[in-house]
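Under this note's numbering, the residues of the sequence shown are numbered 583 to 1151, in order.
Note that CB positions come from ideal geometry on N, CA and C, so glycine has one too.
Data first, discussion second: the structure below is written as structure tokens.
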Amino acid sequence: MQSCPPPSKQAKIDSMFRVNKPWDKNNPSSRAIDRLIVQMIAVDSQPVSIVEDLGFQRLVAGLEPRYELKSRNYYQKLIEKEYELAKQTVKQQLPDDVEVAVTSDCWSSANQAIALLSVTGHFVTPDLERKNLVLAATPIESAHTGEALSNILLNVIEEFQLNDHVTLLLRDGGSNIRKAASLLQVPDASCACHVLQLCVKEALKEGVLTQTIIKKVKGLVGHFDRSHPAQKQLQNFQGALGLPKNRLIQNVETRWNSSLHMLRRYNEQHAAVAAVLSASSGTTLQALTENELDISARLVTLLEPLDEATEQLSRDAESTSVLIPIIRMLLRKLDKIDFAQISSVHRSLINAIKSRFECFLTNEFYQASTALDGRFKLAFFDSSQHEIIKDYILQELGSRAPPTLSVATAAGNEESNYYANVENLGSEDDSHETISAVAESEDQPARAGKTKRLSFLEEFHGIVQSSQAQGPMPAGKAAKVLHDYFANPELLPMSSDPLDHWRNKLRSDNLPSDLKSLIRRYLGAPPTSVPSERLFSKAGRIYEPRRRSLKGENIERLLFLASNMPQLI
């Protein structure tokens, strides 16, 4: 049998050339890699110029020699196409019967060259799954007036066909965004974390000595930040004294809990700081005295529950249902601790929380939201309120749709709605404040010197019990399901999803459609505008030194893709 001759050398060369021949730009594999590069640029906040970097070019060539990198302009145009595709996908994720809560906030770049207005959407799907999406981060091309912001918000709402579907707008206390909500005639509420922030600022002003201590510690931290020799000495004394080798933390004026983090870290490192200052002849700075250190420790104890409350309110899966329990348990905890030496701050803080959150605590929307959360039910309300809250929920079954949105004159906004607008809670303009416990900035220090412990809601979960007292059995399937729900005194664990109970009802075909609509409305809204603040922590990373020439619309596209793409691809 005659064997085939071995391939010629020329045949081998031709075969190798075919294998390594560059793909045409329309080749499906080439287009797939194009999209992957664009998605990487967006999700990882990379500059488009990365395609011109030698290291990246060598990496791509090594991974797939047949793929040819294109120009920056090519990928920029692909980003625009990817943005339009992603926007259509987001629109498809919004059900026709969606009831969506939105958050909004303003952001300006450090050099004030770019300003954006964010809009994020939060809703519960027909399958009772929670969804959080970014709808827009629109450039603000004019003065940041209420009229300008209301027009931007209305454009976003109309583009996503949400005119009759917005249940609540969460915002900070800035007068311009409050006016925008008023002009839109949309139910709105202050971000709970911003209101807490105002309470702390108000209380700290009452303590002259506490302000002195905060200022003194800030100066000490600044000294160690500026002096490399002092920093090295601190590390040496940390080792000698057996202290954790943690850096001191500087506070930031616009973030109240950065003062807490600063004091807590200083208290941990006081002995090492005092040792360095005693051994140094080049500074007149002095460590805190024993009395000042005691006051600092008490201040940390006072503020830690508020820091924890801020963190809990800011979780992605939380809804407005958690606000009333958190505020009631926060007040209970603060009442039970003796804060001698800072009694004026303690008293002022409690009074501020009571006065600023009173409108939330008595608001029908927030009360119903809490009652429909199986972790709480009616446990956080006086018995005299139980039937009132249940009656309100029964009345809401299949009743009102959210109000239609339209830009109106300021004079035409006096009509109340069933959300009892709570905009006056944040009447001071806190639009320049940020919530450091929840912003995802990479330079945010870790929580210092803090051991893992139960949240105060879990801590007090065993104290409260749901009411078993029930009125007569109401008519209608939905009303009967609610009757049985409230009659059962068992509460869900704090770690559970408040939608779990209702999902189980849905799966067992025991959740009437009108009750399901109510659940979607009242458990879909977040308690804060933190999602918008998180969005803008991404904006800061996108608009970094290598990308300062980016236009506002390009930042909007990249923000939209970076935020939504992880759950869309």
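Check whether Gly728 and Ala771 have beta carbons under 7 Å apart: Taking the first residue of the sequence shown as 1, we reach residue 728 at position 146. Taking the first residue of the sequence shown as 1, we reach residue 771 at position 189. Their beta carbons are not under 7 Å apart, which means Gly728 does not touch Ala771 by this criterion.
Between the CA atoms of Asp754 and His776 - distance to the nearest angstrom: The count along the sequence shown starts at 1 and reaches residue 776 at position 194. The count along the sequence shown starts at 1 and reaches residue 754 at position 172. His776 and Asp754: Cα-Cα distance of roughly 6 Å.
Paired residues, beta bridge with His704 - DSSP: The residue you call residue 704 lines up with position 122 of the sequence shown. According to DSSP, His704 bridges with Ala683, Asn714.
Top-ranked residue by Cα proximity to Gln628, from Asp606, Tyr657, Lys603: Here the question's residue 628 lines up with position 46 in the sequence shown. Nearest of Asp606, Tyr657, Lys603 to Gln628, Cα basis: Tyr657.
Leu710 and Arg1089 closer than 7 Å at C-beta: Numbered from its first residue, the sequence shown carries residue 710 at position 128. Numbered from its first residue, the sequence shown carries residue 1089 at position 507. Taking 7 Å as the cut-off, the beta carbon of Leu710 is found no closer than this to the beta carbon of Arg1089.
Alpha-carbon spacing of Gln802 relative to Leu867, whole angstroms: Translated into positions along the sequence shown, residue 802 becomes position 220. Translated into positions along the sequence shown, residue 867 becomes position 285. The sequence shown places Leu at residue 802, not Gln. Roughly 7 Å separates the two Cα atoms.
Whole-angstrom distance between Gln779 and Leu699, CA atom to CA atom: In the sequence shown, residue 699 corresponds to position 117, counting from 1. In the sequence shown, residue 779 corresponds to position 197, counting from 1. Rounded to the nearest angstrom, the two C-alpha atoms are 22 Å apart.
Check: Gln675 C-beta below 6 Å from any heavy atom of the ligand NAD: The ligand NAD is absent from the structure shown, which contains no ligand whatsoever.
Range of the contiguous alpha helix (DSSP H) that encloses Leu1081: Numbered from its first residue, the sequence shown carries residue 1081 at position 499. It is not in any alpha helix (DSSP H) - Leu1081 carries neither H nor E in the DSSP assignment.
Boundaries (first-last residue) of the beta strand (DSSP E) holding Leu731: Along the sequence shown, read from residue 1 onward, the residue named residue 731 stands at position 149. Taken as a continuous stretch (DSSP letters only), Leu731 belongs to no beta strand (DSSP E), being part of the alpha helix (DSSP H) at 728-741.
Nonlocal neighbours in the same chain, by C-beta distance under 7 Å from Asp898, ignoring five residues either side: Locating residue 898 in the sequence shown gives position 316, counting from the first residue. Excluding positions up to five away in sequence, the list reads Asn714.
Ile623 versus Ile935, Pro1094, Glu662, Lys783, residue with shortest Cα-Cα distance: As a first step, residue 623 is located in the sequence shown; it is residue number 41 there, counting from the start. Measuring from the Cα of Ile623, the nearest candidate turns out to be Glu662.
Nonlocal neighbours in the same chain, by C-beta distance under 8 Å from Arg910, ignoring five residues either side: In the sequence shown, residue 910 corresponds to position 328, counting from 1. The answer, listed in chain order, is Leu943, Phe962.
Assigned exposure category for Ile1101 - 16 Cβ within 10 Å defines buried: Reading the sequence shown from its first residue, position 519 is the one you call residue 1101. Burial call: buried.
Three-pair Cβ contact test at 8 Å for the stretch 838-855 versus the stretch 873-888: Taking one beta carbon from each stretch, the stretch 838-855 and the stretch 873-888 have 3 or more pairs nearer than 8 Å; the two touch.
Segment limits, beta strand (DSSP E) that includes Leu752: Here residue 752 refers to the residue found at position 170 when the sequence shown is read from its first residue. Unbroken beta strand (DSSP E) run through Leu752: 748-753.
Touch test, the stretch 816-827 against the stretch 857-865, Cβ-Cβ under 8 Å, three pairs minimum: yes
Ser757 - containing alpha helix (DSSP H), residue span: To locate residue 757, count along the sequence shown from 1; it is residue 175. 757-766 is the span of the alpha helix (DSSP H), which, as asked, contains Ser757.
Local Cβ density within 10 Å of Thr749, reported as buried at 16 or more and exposed below that: Sequence index remark: in the sequence shown, residue 749 carries index 167 (1-based). So Thr749 counts as buried.
Assigned exposure category for Arg1139 - 16 Cβ within 10 Å defines buried: As a first step, residue 1139 must be located in the sequence shown, where it is residue number 557. Burial state of Arg1139 is buried, judged by a 10 Å Cβ sphere holding 16 or more other Cβ atoms.
Range of the contiguous alpha helix (DSSP H) that encloses Ala668: Here residue 668 refers to the residue found at position 86 of the sequence shown. Per DSSP, the unbroken alpha helix (DSSP H) holding Ala668 starts and ends at 654-675.
Nearest to Gly1134 (by Cα), restricted to the options Asn609, Ile615, Ser690: Here residue 1134 refers to the residue found at position 552 of the sequence shown. Cα-wise, what sits closest to Gly1134 is Ser690.
Residue closest to Gln1228, alpha-carbon to alpha-carbon, out of Ile1137, Ile831, Asn873: This structure cannot settle anything about residue 1228, because the visible part of the chain is limited to 583 through 1151.
C-alpha gap between Leu717 and Ala1061, whole angstroms: Within the sequence shown, numbered from 1, the residue matching residue 717 stands at position 135. Within the sequence shown, numbered from 1, the residue matching residue 1061 stands at position 479. Whole-angstrom Cα-Cα distance: 35 Å.
Continuous beta strand (DSSP E) stretch holding Ala922: start and end: Numbered from its first residue, the sequence shown carries residue 922 at position 340. Careful: Ala922 lies outside any beta strand (DSSP E) and carries neither H nor E.
Environment of Pro1108 [buried if 16+ CB atoms lie within 10 Å]: As a working mapping, residue 1108 is identified with position 526 in the sequence shown. By the 10 Å Cβ count, Pro1108 comes out buried.
Reduced DSSP category for Phe599 - H, G, I as helix; E, B as strand; rest coil: Your numbering for residue 599 matches position 17 in the sequence shown. Bear in mind that the predicted position of Phe599 carries a pLDDT of just 44, short of 50, making it unreliable; the figure below should be weighed with that in mind. Taken through DSSP and simplified to helix, strand or coil, Phe599 comes out as helix.
Residue from Arg938, Cys941, Leu916, Leu667 whose Cα sits closest to the Cα of Arg562: No answer is possible for residue 562: the residues shown for the chain start at 583 and end at 1151.
Where Gly956 falls, given that 16 or more other Cβ within 10 Å makes a residue buried: Within the sequence shown, the letter at position 374 stands for residue 956. Counting Cβ neighbours within 10 Å, Gly956 comes out buried, since at least 16 surround it.
For Ser772, the first and last residue of its enclosing beta strand (DSSP E): Working through the sequence shown from its first residue, we reach residue 772 at position 190. Taken as a continuous stretch (DSSP letters only), the beta strand (DSSP E) holding Ser772 covers 770-772.
Collapsed DSSP secondary structure at Trp689 in the structure displayed: Position 107 of the sequence shown, counted from the first residue, corresponds to residue 689. If DSSP states are grouped into helix, strand and coil, Trp689 belongs with the strands.
Beta-carbon proximity check, Pro610 vs Glu650, cutoff 7 Å: As a working note, residue 610 is residue 28 in the sequence shown. As a working note, residue 650 is residue 68 in the sequence shown. Against a cut-off of 7 Å, the Cβ pair of Glu650 and Pro610 comes out as no contact.
Whole-angstrom distance between Thr952 and Val904, CA atom to CA atom: Translated into the one-based positions of the sequence shown, residue 904 becomes position 322. Translated into the one-based positions of the sequence shown, residue 952 becomes position 370. Their backbone Cα atoms lie some 6 Å apart in a straight line.
Spatial neighbours of Trp838 in its chain, beta-carbon cut-off 7 Å, leaving aside the 5 residues before and after: Within the sequence shown, the letter at position 256 stands for residue 838. Cβ neighbours of Trp838 beyond the five flanking positions: Gln779, Val782, Lys783.
Rounded straight-line distance, which links the Cα of Ser937 to that of Asn1003: Stepping through the sequence shown from its first residue, residue 1003 is reached at position 421. Stepping through the sequence shown from its first residue, residue 937 is reached at position 355. Note that Asn1003 has pLDDT 41, beneath the 50 cutoff, so the model's placement of it is unreliable and the number below is only indicative. Linking Asn1003 to Ser937 through their CA atoms gives a straight-line distance of about 16 Å.
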